[in-house]
Structures are given as C-alpha cells and as structure tokens.
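So the protein lines, in turn, are chains A, B and C.
The first sequence maps to residues 909 to 1300 in the numbering used here.
The second sequence maps to residues 502 to 590 in the numbering used here.
The third sequence maps to residues 13 to 313 in the numbering used here.
Worksheet: one structure, shown below.
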Amino acid sequence: MKTMLMSANYAAARAVVSARVEVVAAYPITPATTVPEQIALLDEEGIYKGEFIRVESEHSAMFACIGASSAGARAFTATSSNGLLLMDEALHWAAAARLPIVLANINRSVSPSWNIHVTHDDSMSKRDTGWIQFYVASVDEFYHTIIQAFRLAEDERVLMPVMVSADGFVLSHTVSPFDYLEPEEVDEFLPPYKPPHWVMDPDNPISHGNIVFPEYYQEFRYQMHEGSKNSLKVYPEIEAEYKKLFGKYFGGMIAQHRCDDAEVVFTAQGTVGAEAIDAVDELREQGYKVGVARIRMYRPFPVEEIRKLASHVKAFASFDRGVSYGFGGHAANDIRAALYHSPHRPFVKSYIGGLGGRDVTVEDIKEIILATVRAVETGELGPEETWHDLLE
Amino acid sequence: MPKSPYSVPVVGSTGKTGSWRTFDPVIDYDSCSRCRTCWLYCPEASIDLEEDGTPHIDYDYCKGCGICAQVCPKKCIEMVRTTERTGAK
Amino acid sequence: MVAIREMPMKEYVLKGNAACAGCMDTLSLRHALKALEGDVIQVVPACCTSVIQSLWPKSGLGVPVLNTAFMAAAATASGVRAALKVKGRDDTQVMVWAGDGGTFDIGIQALSGAFERRTDFLYVCYNNQVYSNTGTQRSGATPLYAQTTTTWYGKTEPEKMLDLVVAAHEPAYQATANAAYPRDLYDKFRRAREIHGPKFIHIFIPCPQAWNYPVEKGVEVGKLAVETGYWILWERIGDEFRLSPQSKRYQDPSKRKPIEEFLKLQGRFSRLFKPKKDEKKIAELQAYVQHRWDILLRTFT
C-alpha cells in the first residue's frame, strides 16, 4: 500500500488497475469524463493491462460491458447523469443476466436545463434496476469501494452488478490522498473472475436470454431480488476481510457518527453525510444529542440497520439531494417505508436541497438538525417535507 | 432453477414440429439423382443424407414448407396430404 | 463455388426449432454456421432469430448465442471481442446476426461505432425488409410501395442504401448474399472467416409471412430478386469490388426479367395489381432497379 494524491476520478481509474479489470468500455460525459481519460492514459502507458473500448455512447458502453462480462471478463464503466439514463435498458439487462459489472457513477443533475453539478436524481432513478448501489464521501472511500464492489458483485450468493456513486465535482474533482493497492496486493482479496453458471464459449454452447414464458419469468426475478438482498449479509463479511487485510473500513452499510446516544439523527447520502460530521460535532459541543448516519449502501436498502437506529432516536432529519417528483425525498420515503412495520417509529422529517450543485454547508446542516431538535422538543412534527434554502 | 435464463441446444427445442404439417414431402427414389439440392435448401435441416446422397425426410421435424419439392431438379418430390401418406384420419 | 458435397454435414441450426415453415432466415443461418464450423459467438438483438431459438431452457441453435437489446448488437459484440482478446481467443468469430430493423434503424449507431473502431467481427444483416417479428411494420429497409401494417397503402419512400453507409466505414470485407443462393452465401462466409477486421454481410431474406407469398416459394422469390436485377450480389475485399457471377449476367438491363415478375408473387405488392394494374408505379419500381445498379457501380468501380 502506498499513498497517492489524486482526484476521486483518477483514483477510480487506479481502482480499475488494482482490481485487474479486463474490459473497460466508456463514453465521455462531464463530470465522469476524467475517469475514462485517465484509464486511456493508463492503457496507453501499459499500466492498465485490459482492453479499453472507446465506445460511441453510454448505451453501447454498458452493452459492451455486458458482452465482455458474458464472455467471462471483469468489466467496468463510468458515467454521469444523462449517460446513466441512456444506459437504462442496459442496466436492467446486466442485472437480469446476473453479470457482475461495476459502474462508477459521478452524480450529476439531469437536464434540462444543462447543469453539470451534483444532484442524485440520476442514480436514484435507477434504484429499481437491480443494481446494488453505494454512495461514497471521500477519495479513499471511492477507490476502495470500487475494489470491494467487484468482490461483492462476483460473490455467487449475490451475482448482481454494482454502482458506486460519487458526487460530481464536490468529490469527483477533489484532490486528496488515498491509499493505493498494487494489483498483487489485491489478488488475495479479489481472485480472477470465473463466471459460476454460464459463459459464451464455442466449446460449450448455450443461448443466453432467449424467451421465457410467464410460467418461469417470475422465478428469475425472485432470484434477482434474493441476490440483491444477500449483499446485506455478504457485504459485512467482505468489509471485515478488507479491514483485516488492508486496515480499511468506511463504516458499513450506514456509516454512523455519534449516533449511540443521539436523539436526532441526520441522514444523507454522499458528501453531505461527511460534511454533517462537522455540524454534529459543533452541535454536540453546544450540548445537543445529535448524530449523523450516512447511508453508504442504498440498494438493497439496509432496512434492519435503519430499524435498529430508529429504536433509540426520537427523530430523523433525512436529507435528499434529489427528489421523486410528486412524492418527495428518496431516502426519506425509503426510511419511512422501512419503519412502517417497526415498533419504533420516530419522526422522519424530509429535507430536500443542494440540487444542481448548490452548496450545502455546515451551517445549512446545523439549521436542519436544529429544526428537527425543535420538533422533538415540541412534540410537533411540523412540515413532513421542507425544501431547504428555496428561493421565493 | 438457474439464476439467469440460459438454454441448452437440443434437437426438437419446440417439440416434434412435424405436427405442423398439412402436406408431406414424399421422395420418388427411382427418379432421385442424389444431387442433394433438397438437403441444401431445407430451412429446417430435416433432410438427412446417406453417404451416397440419398435423402431421407425426418417426418418428426419437417414442417412441410415444400421448398424441397420446388427446388428438386428432377421434380421427384411430391407434396402429399399428410392424412393420405400416413392413412390417418 | 463450393460443391454441395463439400459442405459440412454437421448442423448448427437444429431441427424442431421455432422458426416458421419455409423460413429463409434459418436457411441462411444454417449455411453461415456451417461455413464458420461453429467456432463463433453469435450476438442476436431483438429479431426473428431471438424467437426461433425456441423457449428456455432449450435452444434450437448449436452455437453460443448471446441475446441482446435491439439497438445494442454491435456494441455487445465489441465487448465479446474485447473479452476474447483478453482470453487469447482471437480466432473465434464474433458474429452479429441482426434483422433489418436492428441494422438499418435502431442499431445503426452501434454498428457505425464498432466499424469505426475497426472491431474484428462479422456483422450480418438478414434483411426481409420489414419488422416482421412485431407484425410487419415498415422499416428503413422496406422498399417503395410495399404494404406493411404501418404503410397499409404502400410505403411512400424507397429503402435506405445501407450498403453505401457501411462502405463509408471501409470495412475489411463486405458482401451481399441471398438466401436463395446458399452456396454463394457459404463461400462468402468462408472468405469473411479468413479476414480480420470489421466485416459486413447483407443477406436478402424472402419472408413468406411478411411478404405474403406461398410458403414453398421462398427460393423462387429470392432468385427472381436477382434475375430482375432488384437484388445485386457482390462482394468487396478491401477496395477490390466484384460482382458475383449470379448477378454479373444481369448487369445488362436487357438480360433482366421485368420487375413485375418479382412483384406479382408477393401479397405486399398486391395493390400494384388490384383492383387494377398500376403501370405508373410498376414503372417507377422498374426504373429504381437501374438506379440501384448505377449507384452501386458508380460508387465501387
């Protein structure tokens, strides 16, 4: 292991080398672009040993990954926003074919209007594709989570593709030290990919994906659901092993800070969840019993972890950097759904903000947490949903 | 159940497709020149050839399209109503 | 040209599959796979060939088949090729087998991209000039005046000249074929097999369902397409263009049969003949035959 100083996107390109990815197919889109740019350079300089297909669209990027994975290769791509949306059909395809592809998504706002800064609508709108989803908050976490993602995706109990999302610019272009692992170091953790069930091979011909009638279709879908849910128990195993081998741990499915005795817990995905640590520490100094829970694994949704957390808090302040139009904050609604059959149902106040890359500062987060503290003090939930920092 | 839908090659993947026929190709072996043209054009690969080129219709799978009768240079394949050939009613 | 007795006996299109009786797609695929001797990974986007494989867990094709999305065939093939390269299997053919909709229309971007990247693969378009799998809607390959379920009174535009679009990518090998000439088709696949780089074979596939002709007439209709000059058989190895012998003789317009002979066998052109014969439209189609020849020869010779 050695320390490198790079942007998150460059670190992601290094993760591709460390994980001995065999095929990358990618198409440029801001702010993901510097991932394939850097892979191209590593490819041309012989540091990346696999194939890099410079495709003509994101749709083709994911289908090239599907072709490569179907022929037994470890495959990777990176994209953002409209690129991820163009892949939609392919995302569903990869998951249903049970292909362990890993995708780095650099969260970016969806158009119109053109905006290259962070909103989570792109990946949140892909929650139902079958892809396992992570949201990360640092360069180091991005790099190591991509390596872990391959191991998780390729685990026979899971066998589902994994998307690792990082906030556009706020994280993607932030330069920070991270601990790089040589491929030889990673080998012990991540053995070569061997498709466990089927592969395109003229010596053993099979046809993948021909017609399945209603008699059996549902059973394949049930298995996808099971595979996704299995990662709730497989990921902690993988994390424990990774910690043992490399001393790296990023907090499990939900990274918690000062939640043990907290009455109000601020939840978020991505960098806001890291920013909130400072807000929580400052409020703690003022005597408020508050904490932050950063949801790292978003699909499958860590329902039991949320319920456990809910059992000792009085309110959640759920912060979403995106919105399900007509229903509200993605995480707020998922948290509420997770708690419906739980005996502990604290307030869940939903905050939506930071869209289009609008800055979310420590002060913003403190304001949200304090509003939630007041709701606890008065016993009045107040508004279920608040658009933070909304202009008149 | 496998985890994803992959299929294994087999003859008769759609069953005995010979049941689709209303007309059966019947070869007049006295006139047949063993030229293999019927084999060449059979879309179903349901004409088997002996070493010398003698063709045999696989009635289990022949769908009865009649292309073999059309392309036969000797015109020695006749399309006969299935019920007449088999005697079935 | 290959003698019938020299063609491999092994079948890769397995009998008892789900293709319609008289399917000219399976006939072409049968000989294509013989020519490749099964050393192929076949990528199939949404098209009739997705269906004729039959239902899970059985397949009517004896080669590895990767079914993929409608617009993604060439991209999927690019990924397969890259994986094979990593695995050191450069000699295995990666073959797209796509219909005209998946090639002329929804798949053309991926096709163009894969060719521009000089991907070593064989893209086959089996063209029956219509979206037959969804019930005969017009495609970019549907000819002028053909009736479809989205052009009930006949299409008002001629087909896209796809071969010229493909040629603009300067493929390593390019050919046209016709299901009614399986030996010529076989030879062209044999030649493609020996050449590395982006390769394209465009096969004319009469379709009894979509064209509404008697099921036994597929070969006759296919041959009439060549004999009227409507479909031209040629190939191009790099820059070297040659008319295939079957079409060479019809370069002379006086040798060609009138287009009417091709049209009248097919229900899709019935409005040209009923309730009364439309001489003007038939003359237009006749003139368009020469137009195709002119464009082809002007471009390649």
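Think of the CB as a built atom: it goes at the ideal place given N, C-alpha and C, for glycine as much as any other residue.
In this text, all values refer to a predicted model and were calculated from it rather than measured experimentally.
Residue i vs residue j beta-carbon contact at 9 Å
i: Gln65(C); j: Ala30(C); result: yes
i: Tyr262(C); j: Lys235(C); result: no
i: Phe1224(A); j: Thr1269(A); result: no
i: Gly91(C); j: Pro220(C); result: no
i: Val14(C); j: Arg202(C); result: yes
i: Leu1140(A); j: Glu1212(A); result: yes
i: Asn190(C); j: Val142(C); result: no
i: Gly125(C); j: Val963(A); result: yes
i: Arg928(A); j: Lys957(A); result: yes
i: Ile568(B); j: Tyr542(B); result: yes
i: Ile528(B); j: Cys577(B); result: yes
i: Ile307(C); j: Leu176(C); result: yes
i: Gln1194(A); j: Arg1229(A); result: no
i: Val1172(A); j: Val1256(A); result: no
i: Ser1115(A); j: Pro503(B); result: no
Closer than 7 Å at the beta carbon, the chain C residues around residue i
i: Thr666(B); result: There is no way to answer for residue 666(B), as the model of chain B reaches only from 502 to 590.
i: Thr584(B); result: By Cβ distance, chain C contributes nothing, its closest Cβ being about 18 Å from Thr584(B), past 7 Å.
i: Ser547(B); result: Lys27
i: Trp1001(A); result: Ala81
Top-ranked residue by Cα proximity to residue i, from the options
i: Ile1119(A); options: Arg17(C), Val108(C), Gly72(C), Tyr24(C); result: Gly72(C)
i: Thr311(C); options: Ala47(C), Ser124(C), Gly114(C), Val178(C); result: Val178(C)
i: Ala184(C); options: Ile16(C), Glu228(C), Arg129(C); result: Arg129(C)
i: Gly166(C); options: Leu284(C), Thr104(C), Asp112(C); result: Leu284(C)
i: Trp521(B); options: Gly588(B), His557(B), Glu545(B), Cys533(B); result: Glu545(B)
i: Leu993(A); options: Thr1053(A), Ile1146(A), Thr1037(A); result: Thr1037(A)
i: Met912(A); options: Ala1003(A), Asp1087(A), Gln1041(A), Gly980(A); result: Asp1087(A)
i: Asp561(B); options: Ser547(B), Pro574(B), Cys577(B); result: Ser547(B)
i: Leu245(C); options: Lys276(C), Lys289(C), Leu197(C); result: Leu197(C)
i: Ile1146(A); options: Asn1241(A), Pro1251(A), Met1161(A), Pro936(A); result: Met1161(A)
i: Glu206(C); options: Trp164(C), Leu48(C), Pro170(C); result: Leu48(C)
i: Lys1222(A); options: Ile1009(A), Gly1230(A), Asp951(A), Leu1247(A); result: Leu1247(A)
i: Ile937(A); options: Asn917(A), Glu952(A), Ala1187(A), Pro1254(A); result: Asn917(A)
i: Val1284(A); options: Ala1187(A), Ala1170(A), Gly980(A), Gly1181(A); result: Ala1170(A)
CA-to-CA distance, residue j to residue i, given in whole angstroms
i: Gly1236(A); j: His1081(A); result: 29 Å
i: Ile955(A); j: Asp1109(A); result: 28 Å
i: Thr373(C); j: Val56(C); result: Outside the displayed range of chain C (13 to 313) lies residue 373(C), so it cannot be described from this structure.
i: Thr987(A); j: Ala1012(A); result: 6 Å
i: Trp1106(A); j: Tyr507(B); result: 7 Å
i: Ser1084(A); j: Val1047(A); result: 6 Å
i: Arg1207(A); j: Phe116(C); result: 38 Å
i: Gly100(C); j: Ser1033(A); result: 39 Å
i: Gln278(C); j: Ala158(C); result: 9 Å
i: Ala295(C); j: Phe274(C); result: 13 Å
i: Thr1303(A); j: Leu1278(A); result: Nothing can be reported for residue 1303(A): it is not among the residues displayed for chain A, which extend from 909 to 1300.
i: Thr518(B); j: Arg280(C); result: 28 Å
i: His1025(A); j: Glu1093(A); result: 35 Å
i: Leu174(C); j: Thr188(C); result: 11 Å
i: Glu1127(A); j: Ser1021(A); result: 41 Å
i: His1165(A); j: Ala1005(A); result: 38 Å
i: Pro218(C); j: Met19(C); result: 23 Å
Residues that residue i contacts on chain B, provided the C-beta gap is smaller than 8 Å
i: Lys229(C); result: Gln571
i: Arg17(C); result: Arg537, Gly554
Cross-chain neighbours of residue i in chain C, by beta carbon under 8 Å
i: Arg962(A); result: Arg129
i: Asp525(B); result: What Asp525(B) touches in chain C: nothing, since even the nearest Cβ is about 12 Å away.
i: Pro1110(A); result: Gly50, Asp51, Val52, Ile53, Val75, Pro76, Thr104
Under 7 Å from the C-beta of residue i: neighbouring residues of chain B
i: Leu39(C); result: Tyr542, Pro544
i: Cys35(C); result: Pro544
Closer than 7 Å at the beta carbon, the chain A residues around residue i
i: Leu73(C); result: Ser1115
Chain A contact residues for residue i, given Cβ-Cβ distances below 8 Å
i: Gly125(C); result: Val963, Glu964, Ser965, Ser968
Where residue i meets chain D, residues with beta-carbon distance less than 7 Å
i: Trp68(C); result: Absent here is chain D; the protein component of the structure consists of chains A, B and C.
Under 9 Å by beta carbon: chain B residues contacting residue i
i: Ala1004(A); result: Ser505, Pro506
i: Gln1131(A); result: Met502, Pro503, Lys504, Ser505
Chain C contact residues for residue i, given Cβ-Cβ distances below 9 Å
i: Tyr1101(A); result: Simply none; closest approach about 10 Å.
Three or more beta-carbon pairs under 8 Å between the stretch 211–222 of chain C and the stretch 131–144 of chain C, yes or no? These segments touch.
Spell out a yes or no on whether the stretch 1285–1297 of chain A and the stretch 1260–1267 of chain A are touching, meaning 3 or more CB-CB pairs, one atom from each, closer than 8 Å. With a cut-off of 8 Å, the stretch 1260–1267 of chain A and the stretch 1285–1297 of chain A count as touching, because enough Cβ pairs lie within range.
Counting Cβ pairs closer than 8 Å, one from the stretch 963–974 of chain A and one from the stretch 85–100 of chain C, do we hit at least three? Yes, since at least three Cβ pairs between the stretch 963–974 of chain A and the stretch 85–100 of chain C fall closer than 8 Å, the two stretches touch.
Three-pair Cβ contact test at 8 Å for the stretch 247–265 of chain C versus the stretch 220–231 of chain C: With the cut-off at 8 Å, the stretch 247–265 of chain C and the stretch 220–231 of chain C do not touch.
Stretch-stretch touch, CB-based, cutoff 8 Å, three pairs: the stretch 1062–1082 of chain A with the stretch 1129–1139 of chain A: Flag = yes, the stretch 1062–1082 of chain A and the stretch 1129–1139 of chain A touch.
Would the stretch 1013–1023 of chain A count as touching the stretch 1070–1079 of chain A if we require 3 or more Cβ pairs under 8 Å? Output reads yes: the stretch 1070–1079 of chain A touches the stretch 1013–1023 of chain A.
Using 8 Å as the Cβ pair cut-off and three pairs as the minimum, do the stretch 523–537 of chain B and the stretch 545–554 of chain B touch? Yes, since at least three Cβ pairs between the stretch 523–537 of chain B and the stretch 545–554 of chain B fall closer than 8 Å, the two stretches touch.
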